[in-house]
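J.:
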Amino acid sequence: MRIDLHTHSTASDGTDSPAGLVREAAAAGLDVVAITDHDTTAGWAEAAAARPAGLTLVRGMEMSCVGRGVDGYPVAVHLLAYLFDPADRGFAAERERLRAERVQRLRAMAELMAADGLPVDPDAVLASAGPAAGRPHLARALVEAGVVPSVDAAFADLLSSNGRYYVEKADTPLRRAVEMIAEAGGVSVLAHGRARSRGRLLDLREVRDLVPYGLGGLEVDHPDHSASDRTVLRELARECGLLITGSSDYHGVNKTIGLGDCTTEPDQFEKLVGRSAGVPVLAS
Ligand code: AMP
Ligand code: FE
Ligand code: FE
Ligand code: ZN
1 MRIDLHTHST ASDGTDSPAG LVREAAAAGL DVVAITDHDT TAGWAEAAAA RPAGLTLVRG
61 MEMSCVGRGV DGYPVAVHLL AYLFDPADRG FAAERERLRA ERVQRLRAMA ELMAADGLPV
121 DPDAVLASAG PAAGRPHLAR ALVEAGVVPS VDAAFADLLS SNGRYYVEKA DTPLRRAVEM
181 IAEAGGVSVL AHGRARSRGR LLDLREVRDL VPYGLGGLEV DHPDHSASDR TVLRELAREC
241 GLLITGSSDY HGVNKTIGLG DCTTEPDQFE KLVGRSAGVP VLAS
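Position 139 of the sequence shown, counting from 1, maps to 139 under our numbering, and the rest follow consecutively.
Right under this line is the structure:
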């Protein structure tokens, strides 16, 4: 069983359409794939309709949150949400708010660049990005305009969270996000909690605080995690009785990671499904 529980499509900042994503997942030999676009369920229906026979589809999302950093200051945190009811009113409203933040924030970054003389057209970037606009959309525009050679190069400098064009957005407080996902019948899993290259890190003591509110698991195996960080996260999950997942965080050609580059153990996946009460997995 090859299980990949974290992937992105063109519904957010991936480059495969939702239909293309499930076809690629089957072609890559996966048995289970989760579609987890940023702050949106917009890809669910197309992925479900295109699901090849034999591939199990998990409908999920990656939610933009804010937690407490190791330095005590707020830090951006991603929280995976699986198998929740998309019709839950409070959660649906929060997703909509997060998408509005994304659009407003990306426009602000693009406008700062344009005002600085960079060949970036904010309207064109926003039009190509769609409702779950993210920095990778701006990165591609910078590559196409010849400003930087690659998406990675754009993130290393112009789009960096320490960079001069970075604009914050108002993401969901982590504890509230965990509660909302549980209220919608979903299972929450902290995404790439030790992806050091992305900037400042979450204080892992906050993980313990989230358990009573319904946190479900930790993403331990992730391409951005070192071996020693995986050990720390695995031990923490065991101590707290949390599920352990592994996933690629595939973004199509926006990243060099392939589908199935990290995977989840079948027993952990079965427990995750068993704890959900929103929508079912789509199988057979
Ligand atoms: P945003 O959601 O707009 O803050 O942008 C963050 C997104 O950019 C995340 O989904 C990451 O997957 C992606 N990202 C971060 N660093 C890189 C990188 N070096 N190359 C490509 N994508 C990246
Ligand atoms: Fe992304
Ligand atoms: Fe993420
Ligand atoms: Zn992701």
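C-beta atoms are modelled at their ideal positions from N, C-alpha and C, and glycine is treated no differently.
Just so we're clear, the structure is a prediction, and the values are computed from it rather than from any experiment.
(1) Which partner residues of R59 appear in the DSSP bridge assignment?
(2) Using the rule of at least 16 other Cβ atoms within 10 Å of the residue's Cβ for burial, across every protein chain shown, is S9 buried or exposed?
(3) Does the region 81-91 touch the region 190-200, meaning 3 or more C-beta pairs lie closer than 8 angstroms?
(4) Please look up how many angstroms separate the CB atoms of G344 and T264, rounded, as I've assumed it's under 8 angstroms.
(5) My output table needs one value for G72: the three-state DSSP class, helix, strand or coil.
(6) Within 10 angstroms of the Cβ of V151, are there 16 or more other Cβ atoms? Answer buried if so, exposed if not.
(7) Which residue from S248, V77, V187 puts its Cα closest to that of E270?
(8) Could you pull the start and end residues of the beta strand (DSSP E) that T245 belongs to?
(9) What is the rounded straight-line gap between the Cα of A11 and the Cα of E235?
(10) Under 8 angstroms by Cβ, that's how I've got L158 and V148 pegged, so tell me the actual separation to the nearest angstrom.
(11) Classify S120: buried if its beta carbon has 16 or more other beta carbons within 10 angstroms, exposed otherwise.
(12) Are the region 70-85 and the region 270-281 touching by the rule of at least three beta carbon pairs closer than 8 angstroms?
(13) With a threshold of 16 other CB atoms inside 10 Å of the CB of L70, please say whether the residue is buried or exposed.
(14) Taking only heavy atoms of ligand 2 into account, decide whether any of them is closer than 6 angstroms to the Cβ of H192.
(15) Hey, would you say M366 sits closer than 7 angstroms to Y165, going by beta carbons?
(16) Starting from L215 and walking both ways along the beta strand (DSSP E), at which residues does that stretch end?
T.: Looking at the coordinates:
(1) I35
(2) buried
(3) no
(4) There is simply no residue 344 to check, as the chain begins at 1 and stops at 284 in what is shown.
(5) coil
(6) buried
(7) V187
(8) 243-246
(9) 34 angstroms
(10) 7 angstroms
(11) Per the sequence shown, the amino acid found at residue 120 is Val instead of Ser. When all chains shown are included, V120 counts as buried.
(12) yes
(13) With the sequence shown as reference, residue 70 is identified as Val, and Leu is not the correct amino acid for it. V70 comes out exposed.
(14) no
(15) Only positions 1 to 284 of the chain appear in this structure, which leaves residue 366 out of reach.
(16) 215-221
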